[in-house]
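Trainee: Below: one structure in structure tokens.
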Amino acid sequence: MSRNDNSSGKKFSGRQGGGPKKKSMARGNAPINKDSAPKNAPKGTVKPVAKTGPKQEGIRLNKYIANSGACSRRDADIYIGAGNVTVNDKIVTEMGYRVKPNEEVKFDGRRVIPEKPEYILLNKPKGFFTTGSLEKGSRTVMDLIANATKSKVAPVGKLDRQATGLLLFTNDGTLEKQLGKPKNGIRQIYHLELNKPISFEELKRIEDGITLEDGKVKVQDVSYIDNRPKNELGIETNSIKPHVIQRLFKSLGYEVEKLDRVTFGGLTKKDLPRGNYRTLTKQEIINIKML
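Numbering of the sequence shown is given in our numbering, commencing with residue 384 and proceeding in unit increments.
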């Protein structure tokens with residue numbers, strides 16, 4: 384397993400048959416709908432497409448609430464149906480209601496205002512808490528992204544204080560909930576350093592699956608890092624169980640001294656130095672929402 388993962392999912396280091404040739408529907412070859420042209424029009428003329436009605440004003444109420452970070456769009460439908468949402472102090476239970484720019488929306492009696500969805504990726508350095516701490520003078524990851532946005536964003540998942548690597552922040556309540564309980568987990572790759580060398584037989588046990596107190600941990604790949612001591616490993620898992628890497632190795636008699644998350648749901652640390660952050664690209668946002 385090399386240090387630079389290409390998101391291949393492997394070690395971290397035709398002619399197509401059958402069928403007659405179909406008629407091309409490429410530009411210039413697509414058939415013209417005969418019914419779409421006026422009777423007396425020149426050959427090849429296509430009747431203009433009929434104009435649709437005026438664009439509906441406003442934003443759907445459930446999306447308005449979800450964009451405020453109060454809850455997911457699906458949960459918003461439940462609250463709307465239960466009468467927990469008011470528009471200009473009047474209860475609205477209509478699912479398709481569209482909020483106009485000058486209307487005031489309240490959710491459980493509290494005014495909500497939608498924000499532009501923000502998606503920020505941080506390469507976390509060690510020594511920062513993911514959540515608040517009672518320790519005097521402690522620092523959190525929120526200090527590192529303080530200038531990234533004025534919106535109220537929150538980290539998706541956690542990394543221990545001494546752990547490093549990728550951490551995603553967003554104010555997208557729907558995505559945060561989705562990533563909190565994904566159907567198939569989230570692909571994550573870690574580089575780690577143990578307190579002592581580990582045998583190949585132990586790595587095989589890990590690949591076969593280790594059962595902890597909260598269930599079996601599935602590991603897609605684990606191996607030594609090329610040209611490094613046998614206590615440095617790369618491991619890939621989709622598990623989002625809390626402290627799963629540390630608990631897994633502790634159950635085998637090892638302590639994780641260093642832990643670095645190098646891949647998270649297809650996102651990588653490429654061109655993102657430690658302690659820096661960046662916003663996700665449009666394509667990355669699309670990809671992360673498909674997990």
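C-beta: ideal position from N, C-alpha, C; glycine also.
Source: prediction; values computed, not measured.
1) Which of helix, strand or coil does DSSP assign to Thr-523?
2) Quickly, what does DSSP pair Arg-493 with across the bridge? List them, please.
3) Quick one: does Asn-445 have its CB under 8 Å from some CB of chain C?
4) Kindly identify the DSSP beta-bridge partner or partners of Glu-440.
5) Going by the DSSP bridge assignment, what does Ile-669 pair with across the sheet?
6) Quick one: Cα of Ile-668 to Cα of Tyr-502, how far?
7) Considering Cα atoms alone, identify which of Thr-594, Val-482, Pro-508 and Ala-465 is closest to Leu-642.
8) Give me, in chain order, the residues of the same chain whose beta-carbon lies closer than 7 Å to that of Val-639; leave out the 5 immediate sequence neighbours on both sides.
9) Classify Glu-583: buried if its beta carbon has 16 or more other beta carbons within 10 angstroms, exposed otherwise.
10) Can you give the beta carbon distance from Val-600 to Lys-624, rounded, assuming they're within the 8 Å contact cut?
11) In terms of residue numbering, what span does the beta strand (DSSP E) encompassing Lys-641 cover?
12) Would you check if the distance between the CB atom of Gly-648 and the CB atom of Ile-671 is smaller than 8 Å?
13) Between the beta-carbon of Asn-506 and the beta-carbon of Leu-655, is there less than 8 Å?
14) Taking the alpha-carbon of Met-525 as reference, which of Gly-658, Lys-653, Met-673 and Gln-666 has the nearest alpha-carbon?
15) For Leu-444, count neighbouring Cβ atoms within 10 angstroms of its own Cβ and tell me buried if that reaches 16, exposed if not.
16) Please say whether Val-602 and Leu-616 have beta carbons closer to each other than 8 Å?
17) Might you give, ordered along the chain, the residues of its own chain that have their beta carbon closer than 8 Å to the beta carbon of Ala-537, omitting 5 neighbours on each side?
18) Going straight from the alpha carbon of Thr-557 to that of Glu-477, what length do you get?
19) In terms of residue numbering, what span does the alpha helix (DSSP H) encompassing Ala-537 cover?
20) Using only alpha-carbon positions, find the residue among Asp-458, Gly-563 and Lys-652 that is nearest to Asn-621.
21) Which whole-angstrom value is the C-beta distance of Asn-567 and Pro-497, which I expect to be below 8 Å?
22) I'd like to check one pair, Phe-490 with Ala-453: are the Cβ atoms closer than 8 Å?
23) Quick check on Gly-392: buried or exposed, where buried means 16 or more other Cβ atoms within 10 Å of its Cβ?
24) Under 8 Å, do Leu-504 and Arg-611 count as touching if we go by C-beta distance?
Mentor: Judging by the given coordinates:
1) By 1-based counting over the sequence shown, the position of residue 523 is 140. If DSSP states are grouped into helix, strand and coil, Thr-523 belongs with the strands.
2) For this step, residue 493 is matched to residue 110 along the sequence shown. Its beta-bridge partners are Phe-490.
3) Structure shown: chain C not included; a single protein chain is present.
4) In the sequence shown, the residue the question calls residue 440 occupies position 57. Bridge partners of Glu-440: none, in fact.
5) Against the sequence shown, residue 669 aligns to sequence position 286. Answer by DSSP bridge pairing: none, since Ile-669 is not bridged.
6) Within the sequence shown, the letter at position 285 stands for residue 668. Within the sequence shown, the letter at position 119 stands for residue 502. The straight-line gap from Cα to Cα measures roughly 8 Å.
7) Counted from its first residue, the sequence shown places residue 642 at position 259. If we check each option's Cα against that of Leu-642, Pro-508 comes out closest.
8) In the sequence shown, residue 639 corresponds to position 256, counting from 1. Contacts found: Leu-575, Leu-577, Ile-628, Gln-629 and Phe-632.
9) As a working note, residue 583 is residue 200 in the sequence shown. The question names Glu, but residue 583 in the sequence shown is Phe. Exposed, since its Cβ has fewer than 16 Cβ neighbours within 10 Å.
10) Within the sequence shown, residue 600 is the residue found at index 217, counting from 1. Within the sequence shown, residue 624 is the residue found at index 241, counting from 1. Rounded, the Cβ-Cβ distance is 7 Å, consistent with contact.
11) Within the sequence shown, numbered from 1, the residue matching residue 641 stands at position 258. Element bounds for Lys-641: 639-647.
12) Your numbering for residue 648 matches position 265 in the sequence shown. Your numbering for residue 671 matches position 288 in the sequence shown. For Gly-648 and Ile-671, yes; Cβs fall inside 8 Å.
13) Translated into positions along the sequence shown, residue 506 becomes position 123. Translated into positions along the sequence shown, residue 655 becomes position 272. It is a contact, given that the beta carbons lie within the stated cut-off.
14) As a first step, residue 525 is located in the sequence shown; it is residue number 142 there, counting from the start. That would be Gly-658, whose Cα lies nearest to the Cα of Met-525.
15) Taking the sequence shown and counting its residues from 1, the one referred to as residue 444 is at position 61. Its Cβ being crowded by 16 or more others within 10 Å, Leu-444 is buried.
16) Here residue 616 refers to the residue found at position 233 when the sequence shown is read from its first residue. Here residue 602 refers to the residue found at position 219 when the sequence shown is read from its first residue. Cβ distance not < 8 Å, so Leu-616 and Val-602 don't count as in contact.
17) Residue 537 sits at position 154 when you count from the first residue of the sequence shown. Only Phe-552, Thr-553, Asn-554 and Glu-559 meet the Cβ criterion.
18) Counting from one through the sequence shown, the residue named residue 557 turns up at place 174. Counting from one through the sequence shown, the residue named residue 477 turns up at place 94. Cα-Cα distance, rounded: 21 Å.
19) Start at 1 with the first residue of the sequence shown, and residue 537 comes out as number 154. Looking at the DSSP string, Ala-537 is not in any alpha helix (DSSP H); the run it does join, the beta strand (DSSP E), is 537-539.
20) Reading the sequence shown from its first residue, position 238 is the one you call residue 621. Here the closest residue by C-alpha is Gly-563.
21) As a working note, residue 567 is residue 184 in the sequence shown. As a working note, residue 497 is residue 114 in the sequence shown. Actually they do not touch by this definition, with Cβ atoms about 30 Å apart.
22) In the sequence shown, the residue the question calls residue 453 occupies position 70. In the sequence shown, the residue the question calls residue 490 occupies position 107. It is a contact, given that the beta carbons lie within the stated cut-off.
23) If you number the sequence shown from 1, residue 392 lands on position 9. Caution is warranted here: a pLDDT of 46 is assigned to Gly-392, below 50, making its placement in the model unreliable, and the coordinate value is therefore given only provisionally. It is exposed - the Cβ of Gly-392 has fewer than 16 other Cβ atoms within 10 Å.
24) What you label residue 504 is simply residue 121 of the sequence shown in a count that begins at 1. What you label residue 611 is simply residue 228 of the sequence shown in a count that begins at 1. It is not a contact, given that the beta carbons lie outside the stated cut-off.
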